[in-house]
Amino acid sequence: MNECDGQRLVLREKGSMTRQVFEQMMDAAGVRANVVIEVARDTMHEAIRSGFGIGVVSLDERGSDPALRYISFSDASPGTESYASCMKERANVRGVKLFMDIIGELTP
């Protein structure tokens with residue numbers, strides 16, 4: 003995490019869970035943010051590829067772009083929570099109910 007101190011950062015938009023977790027990690031490590039641009043999830047890789055700076059994506063948002071290098075934070079334990087949701091009136095639709103039941107069985 004300390005390697006990020008002073009680096010040019012590309013951050014997700016305000017309200018992004020990825021951004022919230024990363025900002026908490028920076029605060030805990032005393033890392034100074036040098037945010038050069040804020041972008042939406044679907045433009046993060048393009049902003050990094052274009053040379054704006056380094057960025058942070060969650061594990062499931064990693065791409066396969068050979069121009070980008072992904073590294074894990076070895077000195078931090080980031081984490082976010084994910085949720086499955088559906089409209090109440092669709093909760094008993096066969097496919098939706100099956101999906102929600104499976105997710106419920108997999109969730110502690």
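If you want our numbering, it's the 1-based position in the sequence shown plus 2. Cβ atoms here follow ideal geometry from the backbone N, Cα and C, with glycine treated the same way. Keep in mind it's a predicted model, so treat the numbers as computed, not measured.
Discussion item. Do Glu-15 and Ala-35 count as a contact pair if the criterion is CB distance below 8 Å?
Written reply: Contact: no.
Worksheet item: Should Ile-73 be labelled buried (16 or more other beta-carbon atoms within 10 Å of its own) or exposed?
Response: Exposed, since its Cβ has fewer than 16 Cβ neighbours within 10 Å.
Discussion item. Measuring only the C-alpha atoms, how far is Lys-90 from Ser-60?
Written reply: Those two C-alpha atoms are separated by around 29 Å.
Worksheet item: In three-state DSSP terms, what is Ile-73?
Response: Ile-73: coil per DSSP, three-state reduction.
Item to complete: Would you check if the distance between the CB atom of Val-12 and the CB atom of Gly-65 is smaller than 8 Å?
Response: No, the pair does not count as a contact, with Cβ atoms beyond the cut-off.
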